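Structure record follows, encoded as structure tokens.
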Amino acid sequence: MFYGDIDMMELSIESIRVDTVTKQPVLILKDTASDRFLPIWIGIYEATAIAMQLEGMKSSRPMTHDLAMGMLESLNADIDSVSILDVDEGVYRARISLKAGGSVIDLDARPSDAVALALRAGCPIYAGDKLAKEMLSATADEKKPGDKNTEAEEFRRFLEDIKPADFQ
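This is the structure:
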């Protein structure tokens with residue numbers, strides 16, 4: 003996909019884990035065209051909203067993201083896609099693209115909220131090519147000169163050691 007002057011790669015949700023050091027939830031997104039992963043540390047409430055949707059669990063009352071989807075449906079608006087565009091000093095920036103009344107409306111969002119809404123809308127998740135350097139490879143044979151080998155090794159160990167029960 004091409005977004006303005008940014009090439010985009012499609013992502014899927016690999017999992018939500020808990021960083022064993024910080025005990026903070028980590029959203030693990032995977033490039034659908036490779037074995038590269040984009041870890042984004044997120045808040046507990048957003049992690050819960052994503053995890054519940056992934057597991058098909060429903061809350062007895064609408065959660066914030068469910069409320070937002072209900073409002074969009076009432077306004078005859080659809081989420082076309084969400085895009086994680088950039089990161090600046092550890093702060094990721096995302097955009098939600100809505101279609102409403104024949105127009106496309108782009109809204110700034112936190113990646114965790116954008117992903118929670120994408121799950122509910124069943125729309126694609128993209129990342130800007132600027133984020134390629136933030137992605138970590140899960141296979142040793144993809145290492146290239148200049149890669150952050152230490153970070154990649156730590157990430158592989160993190161993926162191997164973490165279990166879904168750690169999130170509870």
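Going by this note's numbering, the letters in the sequence shown line up with residues 3 to 170, in that order. Glycine included, every Cβ here is placed at the ideal spot set by N, Cα and C. Everything numeric in this text was worked out from a predicted model, so none of it was measured.
Tell me which same chain residues have a C-beta within less than 8 Å of the C-beta of residue i, skipping the five on either side of it?
i: A118; result: E48, A51, I52, Q55, H67
Within a Cβ cutoff of 7 Å, which residues of the same chain sit near residue i, ignoring the five residues on either side of it in sequence?
i: D33; result: M11, L13, M137
Over what stretch of residues does the alpha helix (DSSP H) that includes residue i continue unbroken?
i: P113; result: 113 to 123
Excluding sequence positions up to five away, which residues of its chain have a Cβ less than 6 Å from the Cβ of residue i?
i: A123; result: I81
i: L109; result: I98
i: A79; result: L100, A102
i: K25; result: none
From what residue to what residue does the beta strand (DSSP E) around residue i run?
i: A129; result: 127 to 130
i: V23; result: Where V23 is concerned, there is no enclosing beta strand (DSSP E), given that its DSSP letter is neither H nor E.
Are the CB atoms of residue i and residue j nearer to each other than 9 Å?
i: A129; j: I98; result: no
i: D88; j: K132; result: yes
i: S36; j: S139; result: yes
Discussion item. What ranges does the beta strand (DSSP E) occupy inside the segment 43 to 103, keeping only unbroken runs of at least 3 residues that lie completely in it?
Written reply: 79 to 90, 93 to 102
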